[in-house]
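Under the UniProt record's numbering, the letters of the sequence shown match residues 1 to 662, in that order.
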Amino acid sequence: MAAAAASFSAAVSDRPVISISKSPKVLPVFSSGFLRKTSREALISGPRRRSSLISSVLSSSSPPAAAAAPEVLPEQAFVSRFAPDEPRKGCDVLVEALEREGVTRVFAYPGGASLEIHQALTRSNIIRNVLPRHEQGGVFAAEGYARATGFPGVCIATSGPGATNLVSGLADALLDSCPIVAITGQVPRRMIGTDAFQETPIVEVTRSITKHNYLVLDVEDIPRIVREAFFLAKSGRPGPVLIDLPKDIQQQLVIPNWDQPMRLPGYLSRLPKPPHHSLLEQIVRLISESKKPVLYVGGGCLDSAEELNQFVSLTGIPVASTLMGLGSYPLSDELSLSMLGMHGTVYANYAVDKSDLLLAFGVRFDDRVTGKLEAFASRAKIVHIDIDSAEIGKNKQPHVSVCADIKLALGALNEILEGKMGRKMNLDFSAWRRELSEQKGRFPLNYKTFGDAIPPQYAIQVLDELTGGNAIISTGVGQHQMWAAQFYKYRRPRQWLTSGGLGAMGFGLPAAIGAAVGRPEAVVVDIDGDGSFLMNVQELATIRADNIPVKIMVLNNQHLGMVVQWEDRFYKANRAHTFLGNPAKEDQIFPDMLKFAEACDVPAARVTKKDEVRAAIRKMLETPGPYLLDVVVPHQEHVLPMIPSGGAFKDVITDGDGRRSY
């Protein structure tokens, strides 16, 4: 069986397949996303105790200290609650294996096939379970935890529908290079393949949306598999790993061997090596020869912010960020061009269009950034540095490519630049910066106000001001997501949590839960749309039951706003099932978000006028515990700028809304 699994994986992918031992105890399966995005092997920012009150954030604009690393005890210092030679159930082995990996929080929803795991969790004095009210809420919360801390998030679900409810989160984590470990219960081994009650072949279902997955067929393999799962999730290009654990394996007694080595020869051999010095010298030469260079930075740079800042300081090159890269360079800095792409700033897209050198660091040339590929950076020489060799040349062919950890590459580039500065190389891009500054003045991000109506952009600006730009922001998907990307000025990595590649509505609230659990000292705000919020509204019960201090600001326009915008622009405003209110009472807010909050004992308020927004947001932030603020906004607003799908910079739209015809 193991050989067959390896052969199948090799047939569908040009990626390496881990060599499997002759014993068919474990079925590892690799997807096409084998090596995922740039990462530090020692991941940062784990759980900390709440160290300051929200009021201190409101009164100070200074950023909080960086989050501490997760408290992982050295293996020799780990104290098991079992005697070394004491038999224990497989479920207890699993829980202790998680403890040994430094896990202190999991997001787990119980069921028949995972019942033993939950019983074992109650016997742990290290791991606390945060009970979601839906498995999708659990996997999105694990993502929020991972994105906010850098440490793999863990979610657990039962077999069948419990496991399949994880699918959107796994796909999301793969596309956005997010390290999570998902554990699913499975029917007993003897029932696998019999269409037993709540049996789903989740390994096969998730083959193409995980970095790696396992079906455990021997209880003795649990320590090794868990260790491998965490290593795979956070090394190379991070991604999701799934462990499927049959119920009889969970119940079987065993004396675990914690010293089993990992069996990942194929994977380890493919991890990128340090960058070649000659290639880095070539990049420095291209920089010295350029007149209009631009940095295009993505999610791969989130753990390299210090090196990126030093690189920008040494070169003076302006920085444009992808949606996933927001926070890797401070948006308030004068060299920041903010976000580029479909809804990026005019000046960021102008810079890329006019550049003669594009430094693409930790990015994948996604269609939402490039638009028409032939026209994207058509005047520029392209340097592409990424940890995943599959991304290099996939969409846009670079002139110079480096497959390496961006942290190592930037560090080495900085050393070369420091060595050359003051000797024979003097970089001066002041004329280029003045040109871009002129574009900033001509095309700033802006919006219009109509009477007492609340511009959604204004609400986000006020939130930015009142939190000093220091809050962790999560979002759903849609117009509110783009406005949150544009109008909140992120100052550091891991402040911005959003579903980028998959674009999964319903992400915002559970992701905020995960972030608040992982970073309890931080102010966490879910900026959501009414459509996205409703998709996981049941998680209001979670934040109340666990008293998780998530603040929710719903920009409520009673519509699927982004789809409405496309209807306005390209379909003559024909409404095709995008109104979310009650057709019989269009003048009333429906459904009533305040009643959802009341049902879950969460304090809530609604604001309908612009001059009431500041006081309402301040009250939300100052109220202890969870809070929901329903901000009623016009559905006619459009996210601008906008480059139509498949378009080029010359096609950018900078004005108009749903109040006029097109």
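For every residue, glycine included, the Cβ atom is placed at its ideal position computed from N, Cα and C.
Beta strand (DSSP E) runs wholly inside the region 214–275, at least 3 long, in chain order: 240–246
Alpha helix (DSSP H) segments (min. 4 residues) lying fully within the region 506–589: 508–518, 530–535, 540–545 and 561–570
Where tyrosine 296 sits in the DSSP three-state scheme: strand
Completely contained beta strand (DSSP E) runs for the region 71–142, where each covers 3 or more residues: 105–108
Cβ pair leucine 594, arginine 606 closer than 9 Å: yes
Cβ neighbours of alanine 484 in the same chain (closer than 7 Å, five flanking residues each side left out): Ile460, Ile473, Thr475 and Ile527
Among Val652, Thr578, Trp496 and Ala541, the one whose alpha carbon lies nearest that of glycine 147: It is worth fixing the name first, because residue 147 is arginine in this sequence and not glycine. Nearest option by C-alpha distance: Trp496.
Classification of residue 663 by the beta-carbon crowding that lies within 10 angstroms, buried from 16 upward: For residue 663 there is no data in the structure shown, the boundaries of the chain being 1 and 662.
Meets three-Cβ-pair contact criterion under 8 Å: the region 149–157 and the region 94–109: yes
From Leu271, Cys600 and Leu335, residue whose alpha carbon lies closest to that of cysteine 403: Leu271
Rounded straight-line distance, which links the Cα of arginine 88 to that of leucine 253: 5 Å
Reference methionine 511; option with closest CA among Ala599, Leu121, Val139 and Trp432: Note on identity: in this sequence residue 511 is alanine, with methionine being the wrong assignment. The residue with the shortest Cα to Cα distance from alanine 511 is Val139.
Of the listed residues Lys420, Val187 and Ser208, nearest to threonine 200 (C-alpha basis): Val187
Validate contact between the region 258–269 and the region 300–319 using beta carbons, cut 8 Å, 3 pairs: no
Three-way DSSP call (helix, strand, coil) for threonine 654 in this model: coil
Per-residue DSSP class, three states only, for methionine 482: helix
Contact under 9 Å by Cβ, glutamine 538 with arginine 128: no
DSSP state of alanine 377 mapped onto helix, strand, coil: coil
Between the CA atoms of phenylalanine 151 and isoleucine 283 - distance to the nearest angstrom: 32 Å
Validate contact between the region 610–630 and the region 547–562 using beta carbons, cut 8 Å, 3 pairs: yes
Per-residue burial, serine 39 [other beta carbons within 10 Å of its own, 16 or more giving buried]: Only weak support is given to the placement of serine 39: the predicted model assigns it a pLDDT of 32, under 50, and the value that follows is read from those uncertain coordinates. Buried, by the Cβ-count rule.
CB of isoleucine 117 within 9 Å of CB of leucine 245, strictly: yes
Sheet register partners of arginine 606 (DSSP bridge): Asp630
Beta-ladder partner(s) of aspartate 386, from DSSP: Cys403
Serine 437 (DSSP reduced to helix, strand or coil): helix
Opposing strand residues paired with glycine 183 [DSSP bridges]: The residue asked about is misnamed: residue 183 is isoleucine in this sequence, not glycine. Isoleucine 183 pairs with Ile156 and Ile243.
Beta-carbon proximity list for alanine 348, same chain, < 7 Å, skipping 5 on both sides: Ala320, Leu337, Ser338, Met339 and Leu340
Proximity winner among Gly518, Ala504, Lys372 and Pro444, relative to phenylalanine 487 (alpha-carbon distances): Pro444
Rounded separation between glutamine 136 and phenylalanine 365 - CA only: 28 Å
Start and end residues, beta strand (DSSP E) containing leucine 359: 357–361
Short Cβ contact (9 Å threshold) for glycine 90 with isoleucine 192: no
Beta-carbon proximity check, proline 179 vs proline 223, cutoff 9 Å: no
Bridge-paired residues (DSSP) for methionine 593: Methionine 593 pairs with nothing; no bridge assigned.
Pairwise C-alpha distance: proline 591 and aspartate 530: 9 Å
C-alpha distance - glutamine 198 paired with alanine 141, whole-angstrom precision: 24 Å
Boundaries (first-last residue) of the beta strand (DSSP E) holding serine 177: From DSSP, serine 177 is part of no beta strand (DSSP E); its letter is neither H nor E.
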